[in-house]
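2 protein chains.
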Amino acid sequence: MRKISASDIEYIAMGSTVLGTGGGGDPYIGKLLAREAIKSYGEVELISADELKDDALVVPIAAFGAPMILVEKLFSGDEFVKAFEMMESYLGRKIDAVMPAEAGGLNGVIPFSVAAQKKIPLVDADGMGRAFPRLEMVTFTLHGIPVSPITQADEKGNRNVYHTINNVWGETLVGATTIQMGGSCAVGCYPMSGKQVKKAAIHDIVSYAQVLGEAILDAKANHKNPVDALIDKADAIKLFSGKVSNVSTKIDGRWNKGICEILGLDKDQGSHLTLDFQNEFLLAKKDGEAIAITPDLIVLIDAENAQPITAESIQFGTRVIVLGMKADAQWRTPEGIELGGPEKFGYKERFIPIEELNKK
Amino acid sequence: MRKISASDIEYIAMGSTVLGTGGGGDPYIGKLLAREAIKSYGEVELISADELKDDALVVPIAAFGAPMILVEKLFSGDEFVKAFEMMESYLGRKIDAVMPAEAGGLNGVIPFSVAAQKKIPLVDADGMGRAFPRLEMVTFTLHGIPVSPITQADEKGNRNVYHTINNVWGETLVGATTIQMGGSCAVGCYPMSGKQVKKAAIHDIVSYAQVLGEAILDAKANHKNPVDALIDKADAIKLFSGKVSNVSTKIDGRWNKGICEILGLDKDQGSHLTLDFQNEFLLAKKDGEAIAITPDLIVLIDAENAQPITAESIQFGTRVIVLGMKADAQWRTPEGIELGGPEKFGYKERFIPIEELNKK
């Protein structure tokens with residue numbers, strides 16, 4: 000256990016943007032909510048999954064919606080607490096700890112505001128180790144943990160509870176109402192026991208986000224190279240460096256789909272990279288050949304300051320570096336690849352780990 | 000109080016089709032479910048609203064969805080009982096009686112199957128006195144009764160509870176998930192007290208449906224004119240008689256919108272009638288002049304046998320008679336016209352009662 004202060008949140012938010020792999024919603028608003036809650040209610044206890052009692056009730060709390068809208072539409076803040084309280088009331092039991100469903104993006108920090116207000120610990124674990132666009136795309140699904148009951152609250156005051164027959168139906172039904180709600184809402188989902196968290200979750204991911212955020216921000220503060228610092232701490236592979244030459248985007252409901260094209264500079268001079276995104280970056284191809292494939296992480300950063308760039312905010316002409324990071328081992332199993340791999344997103348490529356694709 | 004037998008259901012279903020005004024879903028499947036339940040579990044007590052205790056808990060149970068799908072997609076039957084049981088469990092209280100939300104169409108008979116299985120009375124009242132396409136279009140809304148909590152069950156086993164900020168949001172959110180569920184589901188909604196039913200509901204409407212059904216079916220059995228018998232019992236105005244010359248239909252989600260054109264025969268020879276429908280028939284114009292306007296009832300019947308024709312099953316060339324019936328007085332108030340009148344459906348006509356439009 001350690002205490003998380005408002006300044007820790009700064010680092011965690013930066014690291015969450017890295018793990019967001021271009022999606023997951025920019026953590027800016029989530030960071031503000033988390034810092035504000037910590038200032039008002041006190042620091043949050045971050046506990047490791049192993050510190051949980053086996054019979055503890057743990058509930059991931061998350062923002063759900065379209066990345067563009069999660070950035071633009073302000074949360075009132077209390078919809079997350081409402082989703083939390085609805086879960087307690089529906090289950091008829093106190094929740095012992097919250098956790099992020101996804102450590103990537105906005106959802107890496109959102110649960111801190113609930114933990115602070117409710118004065119309960121936040122578990123240093125998540126269900127992705129990155130960001131993914133669909134509710135069922137979590138390691139919890141790989142362990143047969145049901146997404147239901149799902150509690151849903153919007154800023155207007157609508158409050159719903161879903162009990163779906165499987166995790167894909169959770170995405171389908173909550174996705175449909177979220178569009179009607181204006182594109183974003185708060186959800187509580189995958190209520191589980193401490194024992195289940197220990198087995199199914201990706202451990203220590205919040206601390207890992209903090210390490211990545213510290214690498215970038217501390218290097219900058221100390222006039223060192225933040226890109227090198229990030230690559231070092233993330234054990235990342237530098238896939239490409241170049242200049243954004245084109246972005247084509249199609250927004251459809253909860254989806255921000257498109258392709259970002261990058262022309263090579265430096266040692267990549269003359270080469271051409273395409274980044275396919277569906278909320279998150281999912282496939283990187285260099286001169287037509289795949290060099291990074293989901294569920295491995297593809298991270299686009301600004302070459303000047305190592306700031307991760309989200310897919311909805313890519314700007315023509317920006318000098319960028321593309322990094323690849325290994326997905327958690329759970330994602331690299333046949334079941335993990337089936338749930339979060341290229342086929343699931345309609346790509347014809349088969350998953351090959353980045354370290355194999357980029358052997359020297 | 001009187002007992003409703005399987006053979007009463009036959010009459011009620013026929014009368015519900017009249018009150019369905021072309022929408023509300025064909026009662027055929029609902030009738031089978033209701034008769035089967037009565038055969039298995041015994042006759043259903045039909046009680047008047049005035050027989051309810053003021054503090055009784057009454058819940059309308061209904062099929063919700065697109066008319067075309069309500070006809071084609073088979074209900075498993077137990078989704079209605081599930082919606083009922085979810086409501087009891089959510090409210091933490093036994094339901095004392097069920098009632099139809101709308102007496103028109105499928106929903107005029109569906110609640111009988113639940114009443115039979117649960118061995119509780121069915122209240123002889125509804126919230127429309129007809130059929131209407133949207134969840135908030137009930138007299139309950141005129142009395143400020145919230146639609147929430149809404150319980151929703153589909154035949155696959157998905158079970159949700161909605162707590163929306165107003166009745167329109169109930170339609171919006173349940174409508175969105177119903178499309179995903181394949182276009183139909185069962186809902187429990189507008190839980191209310193006996194006192195509220197007495198004040199807000201349209202009384203004796205189930206018995207009225209039975210009277211209309213008996214008029215048609217008994218006339219046929221006795222080789223009398225069923226059209227005249229229906230007109231007499233319904234105090235209906237015979238608006239037009241002719242032959243269907245064209246039907247244009249556009250299906251979009253929960254909506255079956257279109258126009259039915261009828262060329263005049265007999266005394267209407269040379270005239271032309273158009274029937275605008277949005278699930279239900281909402282506007283009848285003879286040679287360009289409105290002769291019946293929602294919320295008044297427009298009923299299309301087969302000229303041969305007085306069988307009411309639903310909008311999704313109109314066939315070119317059929318000889319038809321168009322009837323107009325007065326809406327319940329609650330619909331003819333300024334608030335009623337605002338909720339269920341022509342403006343609500345996007346027509347430029349203002350509501351004028353059929354008896355005024357068709358003065359001799």
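Protein sequences appear in the order of chains S and V.
Going by numbering that gives the first Met the number 0, the letters in the first sequence line up with residues 0 to 359, in that order.
Going by numbering that gives the first Met the number 0, the letters in the second sequence line up with residues 0 to 359, in that order.
Yeah, the Cβ is synthetic: ideal placement off N, Cα and C, and Gly gets one too.
Predicted, not measured: the structure shown is a model, and the values here were computed from it.
Determine the contact status of residue i and residue j, defining contact as a CB-CB distance below 8 Å.
i: Ala208(S); j: Gly21(S); result: no
i: Cys184(V); j: Leu134(V); result: no
i: Gly126(V); j: Leu69(V); result: no
i: Ala36(S); j: Ser88(S); result: no
i: Ser192(V); j: Asp53(V); result: yes
i: Ala12(V); j: Lys38(V); result: no
i: Ile215(S); j: Asp295(S); result: no
i: Ala302(S); j: Leu356(S); result: no
i: Val80(V); j: Ile8(V); result: no
i: Ile149(V); j: Tyr161(V); result: yes
i: Thr177(V); j: Asn157(S); result: no
i: Glu42(V); j: Ser6(V); result: no
i: Ala102(S); j: Ser47(S); result: no
DSSP three-state label for residue i, please.
i: Ile320(V); result: strand
i: Phe63(S); result: strand
i: Leu141(V); result: helix
i: Ile291(S); result: Sequence check: residue 291(S) is Ala here, not Ile. In the structure shown, Ala291(S) sits in a strand (DSSP, three-state: E or B).
i: Pro110(S); result: helix
i: Leu281(S); result: strand
i: Glu348(S); result: coil
i: Arg253(V); result: coil
i: Tyr27(S); result: helix
i: Val146(V); result: coil
i: Thr273(V); result: strand
i: Met357(V); result: Per the sequence shown, the amino acid found at residue 357(V) is Asn instead of Met. In this structure, Asn357(V) counts as coil in the three-state DSSP scheme.
i: Ser247(V); result: strand
i: Asp153(V); result: coil
i: Asn159(S); result: strand
i: Phe239(S); result: strand
i: Pro120(V); result: coil
i: Asp301(S); result: strand
i: Leu360(S); result: Here chain S comprises residues numbered 0 to 359, so residue 360(S) is not present and cannot be evaluated.
i: Lys2(S); result: strand
i: Ala115(S); result: helix
i: Pro99(S); result: coil
i: Gly360(S); result: Since the first and last residues shown for chain S are 0 and 359, residue 360(S) lies out of range.
On a CA-only basis, which of the options is nearest residue i? Give me that one, please.
i: Asn304(S); options: Asp217(S), Ala124(S) and Gly104(S); result: Asp217(S)
i: Glu44(S); options: Ala115(S), His142(S) and Gly64(S); result: Ala115(S)
i: Ser432(V); options: Lys325(V), Pro190(V) and Val108(V); result: Limits of chain V in this structure are 0 at one end and 359 at the other, which puts residue 432(V) out of reach.
i: Ser247(V); options: Phe276(V), Ala220(V) and Lys266(V); result: Phe276(V)
i: Ile261(V); options: Asp251(V), Gly241(V) and Gly269(V); result: Gly241(V)
i: Asp265(V); options: Leu238(V), Phe74(V) and Gly29(V); result: Leu238(V)
i: Gly269(S); options: Lys285(S), Trp254(S), Ala326(S) and Glu279(S); result: Lys285(S)
i: Gly335(V); options: Gly323(V), Met136(V) and Leu121(V); result: Met136(V)
i: Val196(S); options: Thr16(S), Ala328(S), Ala100(S) and Ala61(S); result: Ala100(S)
i: Gly263(S); options: Gln306(S), Lys256(S), Gly316(S) and Gly212(S); result: Gly316(S)
i: Ile313(V); options: Leu322(V), Ile300(V), Met324(V) and Lys358(V); result: Ile300(V)
i: Phe280(S); options: Glu288(S), Val298(S) and Asp267(S); result: Val298(S)
i: Arg1(V); options: Ile201(V), Arg34(V) and Val122(V); result: Val122(V)
i: Lys198(S); options: Trp254(S), Phe139(S) and Val205(S); result: Phe139(S)
i: Ile201(S); options: Asp327(S), Asp77(S) and Ala62(S); result: Asp327(S)
i: Asn278(V); options: Phe350(V), Cys259(V), Asp153(V) and Asp267(V); result: Cys259(V)
i: Ala55(S); options: Ser75(S), Met98(S) and Lys249(S); result: Met98(S)
Starting from residue i, find everything on chain S with Cβ-Cβ shorter than 9 Å and list it in chain order.
i: Ile178(V); result: Ala175
Name the chain S residues that come within less than 7 Å of residue i, Cβ to Cβ?
i: Thr365(V); result: No answer is possible for residue 365(V): the residues shown for chain V start at 0 and end at 359.
Is any heavy atom in the ligand COA found nearer than 7 Å to the beta carbon of residue i?
i: Gly41(V); result: This structure simply doesn't include the ligand COA, nor any ligand for that matter.
For the region 151-168 of chain V, which residues have a CB atom closer than 7 Å to at least one CB atom of chain S, in sequence order? Listed in sequence order: Lys155, Gly156, Asn157, Arg158, Asn159, Val160, Tyr161, His162, Thr163, Ile164 and Trp168.
The region 80-92 of chain V: positions lying closer than 7 Å to chain S by Cβ: Flagged: no residues at all.
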